[in-house]
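S.K.:
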Amino acid sequence: MRFPNVGLAQLSKTLITIRGPDATKFLNGLITSRLLPNIVKKKQHTISESEENRNVNLSEIIDVSKNYGLIHEDIYDPDGTITISRDGINSMILNSKGRVVTDCFLYPEPFHNLDGMFDKEMEQPGFVLEVDSSISSQLMMLLKLHKLSAKVDISPDKSLFSYYYYNDTVQFDEWLEEIQFKYLKGQDPVTALQDANSFIKDELFFNSDIAKNILGFAVDNRIPNFGVKFVTNKPISNDNPEGIPLESVFSSQFKEKFDTTTIAEDEVIRRRFENGVFETQDAPKGTSLLPFECNLDYVNGLSLDKGCYVGQELTIRSFNNGVIRKRIFPVQFFEITDESLDYLQHHPIELDSQDPIVDVFTGIPDSTLTKLEITPLQEKSESNPESDGQDPSASTAAAASPFASTRSVRKRKTSIGKLMSRQDNLGLVLFPVADVEKNQFYKLEVPSLEDGHKHIGLKVGIPDWWPE
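Note that UniProt numbering has the sequence shown beginning at 1, numbered continuously upward.
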């Protein structure tokens, strides 16, 4: 049993508003995406000369003291295209050691200003930062720590609500591609705002009657055209008299083309796991990860030429050196049988909430998942020293020594991967890239009441949306 093909879900996220004259500069120093038009080349590995020349004109176009929108760029775009628009972006916040604090979505607020209904908010920079609720308290402490004398107001806003819509049809993918080309590819802040206003007025997605309730909008391009995210100032509910009725959210022309069924947030998570999209809250609390281990470069959350920010030096140096040793991969768990192996060798990983393998994880706390041992499904023979590249004479010499044990000692195994999270029969595992390139099948040791432990298989999936 998989997730629905289409749906609208409310996300249990914390939304933090950041407003003030210094809001743009403040956030630029914290997130991995670029908000400022000017770039500062302080060290050799920070930015290249060609990148510096390519961005000269942005300073003439963007006034960071104004509510200009956001800069959009893709490090894997061969043309190096930079656009300015009012839809949100995926990004990440790091600590001073270059380790991940949290991933996030950042929205310029408001998304539009149709008929001047948000004139007051447009007077100065304003943003909505969307993060997982489990990290919100820690993040608020970090934001206030870095605020210093910056002229910004930072506060969690419980009156804002986050929603996610996806539709896994070719028709929706084509529609979303067209929408982005027409309304979300501006070349300057004025055009960006005009396009956002037209997007609302033309009722391509939203019913214009709720224009005053739409504060943030984003295309989820962690995977190209993965879905649509938006922020409202009222809940979408048919039961809450203060909310927005579901039938009033989407425009008539959108509902004529696409289904708008509501679903649970769990379905959004299941879909994310099958597609191999990791979010930092998936890992057990306290897990230390690097941004490239979380595939930040693959999910369109990194700028290479923005200059300095917290954790920037290690991140950019790692990218420029071209050596990413570990990444988080999606995996599928299975019972180790010939039939299962034969099937998975010829099919991609797929979510199945009814798979009997799910029962194996009953009683295993999520906090202990990273401690479970992962080793290759087909291991080298331990009885033949030559198979491990050892000198056979070494064991003979050891046995001849009066201080050496004559008993055969079993080598302690080292877990190759680290299981970050599990959803039904799927998981997200941190693996050395070199190991996955050689082998896609492994076994996971899990506790068992019968024998103390048992092994189940796991197949590593390589998402087809990853750059080659």
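Quick reminder that beta carbons are idealized off the backbone N, C-alpha and C, glycines included.
Classify glutamate 247 as helix, strand or coil using the three-state DSSP reduction.
M.R.: Here glutamate 247 sits in helix by DSSP.
S.K.: Which residue marks the beginning of the beta strand (DSSP E) containing asparagine 167, and which one marks its end?
M.R.: 161-167
S.K.: What is the residue span of the alpha helix (DSSP H) that lysine 124 lies within?
M.R.: According to the sequence as given, residue 124 is glutamine; it is not lysine. In the DSSP assignment, glutamine 124 falls outside any alpha helix (DSSP H), carrying neither H nor E.
S.K.: Mapping DSSP to helix, strand and coil, what is glutamate 373?
M.R.: Of the three classes helix, strand and coil, the one that applies to glutamate 373 here is coil, per DSSP.
S.K.: Please specify which runs of the beta strand (DSSP E), each continuous and at least 3 residues long, are wholly inside the region 130-165, giving them in chain order.
M.R.: 153-156
S.K.: Which full runs of the alpha helix (DSSP H) of 4+ residues lie inside the region 228-311, going along the chain?
M.R.: 252-257 and 265-274
S.K.: DSSP three-state label for serine 91, please.
M.R.: strand
S.K.: By DSSP, does glutamate 178 sit in helix, in strand, or in coil?
M.R.: helix
S.K.: Is the region 175-184 close to the region 198-209, with three or more CB pairs under 8 Å?
M.R.: Yes: the two stretches touch, three or more of their Cβ pairs being nearer than 8 Å.
S.K.: My guess is that glutamate 265 and leucine 11 are in contact by the Cβ rule of under 8 Å, so how many angstroms apart are they, rounded?
M.R.: 6 Å
S.K.: Can the beta-carbon of lysine 144 be found closer than 8 Å to that of glycine 20?
M.R.: no
S.K.: Pick from Glu450, Gln440, Ile374 and Val249: whose alpha carbon is nearest that of valine 460?
M.R.: Ranked by Cα distance from valine 460, the options Glu450, Gln440, Ile374 and Val249 are led by Gln440.
S.K.: Please say whether glycine 417 and proline 330 have beta carbons closer to each other than 8 Å?
M.R.: no
S.K.: Taking the straight line between their C-alpha atoms, what separation do you get for tryptophan 466 and arginine 271?
M.R.: 17 Å
S.K.: Please report how far the alpha carbon of proline 78 lies from the alpha carbon of cysteine 308, in whole angstroms.
M.R.: Cα to Cα, proline 78 sits roughly 24 Å from cysteine 308.
S.K.: Pull up the DSSP beta-bridge partners for histidine 346, would you.
M.R.: According to DSSP, histidine 346 bridges with nothing at all.
S.K.: Under DSSP, the alpha helix (DSSP H) around phenylalanine 26 begins and ends at which residues?
M.R.: 23-28
S.K.: Exposed or buried, glycine 311, counting other C-beta atoms within 10 Å across all chains shown (16 or more means buried)?
M.R.: buried
S.K.: Using the three-state DSSP reduction, which class does tyrosine 68 fall into: helix, strand or coil?
M.R.: coil
S.K.: Identify whether threonine 102 lies in helix, strand or coil by the three-state DSSP scheme.
M.R.: strand
S.K.: Three-state secondary structure (DSSP) at arginine 19?
M.R.: strand
S.K.: Do you know how far the Cα of phenylalanine 3 is from the Cα of alanine 9?
M.R.: Computed Cα separation, rounded: 12 Å.
S.K.: Relative to the alpha-carbon of lysine 321, which residue among Glu274, Phe292 and Tyr343 has its alpha-carbon at the smallest distance?
M.R.: It should be noted that the sequence gives asparagine, not lysine, for residue 321. The shortest C-alpha separation from asparagine 321 is found at Phe292.
S.K.: May I ask which residues mark the beginning and end of the alpha helix (DSSP H) holding valine 190?
M.R.: 189-201
S.K.: Are three or more beta carbon pairs between the region 292-306 and the region 25-37 nearer than 8 Å?
M.R.: Three or more pairs of CB atoms, one per stretch, sit closer than 8 Å, so the region 292-306 contacts the region 25-37.
S.K.: Report the three-state DSSP secondary structure of glycine 116 (helix, strand or coil).
M.R.: In the three-state reduction of the DSSP assignment, glycine 116 falls in the helix class, which pools H, G and I.
S.K.: Does isoleucine 61 come out as helix, strand or coil in the three-state DSSP assignment?
M.R.: helix
S.K.: Just reading off the beta strand (DSSP E) that alanine 434 is part of, what are its end residues?
M.R.: Where alanine 434 is concerned, there is no enclosing beta strand (DSSP E), although the alpha helix (DSSP H) it sits in stretches over 433-438.
S.K.: Excluding sequence positions up to five away, which residues of its chain have a Cβ less than 7 Å from the Cβ of isoleucine 179?
M.R.: Leu204
S.K.: Give every residue of the same chain whose Cβ lies closer than 7 Å to the Cβ of leucine 430, excluding the five residues on either side of it in the sequence, and list them in chain order.
M.R.: Glu293, Lys326, Ile328, Gly417, Lys418 and Met420
S.K.: Could you pull out every residue in the same chain whose Cβ sits closer than 7 Å to the Cβ of lysine 454, ignoring the five residues on either side in sequence?
M.R.: Non-local C-beta neighbours of lysine 454 in its own chain, meaning closer than 7 Å and more than five positions away in sequence, comprise Val446 and Ser448, ordered along the chain.
S.K.: Using a threshold of 8 Å, state whether the C-beta atoms of asparagine 213 and lysine 234 are closer than that.
M.R.: Cβ atoms of asparagine 213 and lysine 234: closer than 8 Å.
S.K.: In terms of residue numbering, what span does the beta strand (DSSP E) encompassing arginine 222 cover?
M.R.: Here arginine 222 belongs to no beta strand (DSSP E), and DSSP marks it neither H nor E.
S.K.: According to DSSP, is glutamine 423 helix, strand or coil?
M.R.: strand
S.K.: With a CB to CB cut of under 8 Å and the five nearest residues on each side skipped, what residues in its chain are close to aspartate 352?
M.R.: Met1, Arg2, Asp424 and Asn425
S.K.: Note down the Cα distance separating arginine 372 from leucine 344, rounded to an integer number of angstroms.
M.R.: This sequence places leucine at residue 372; arginine is not what is there. Spanning the two alpha carbons is a distance of roughly 22 Å.
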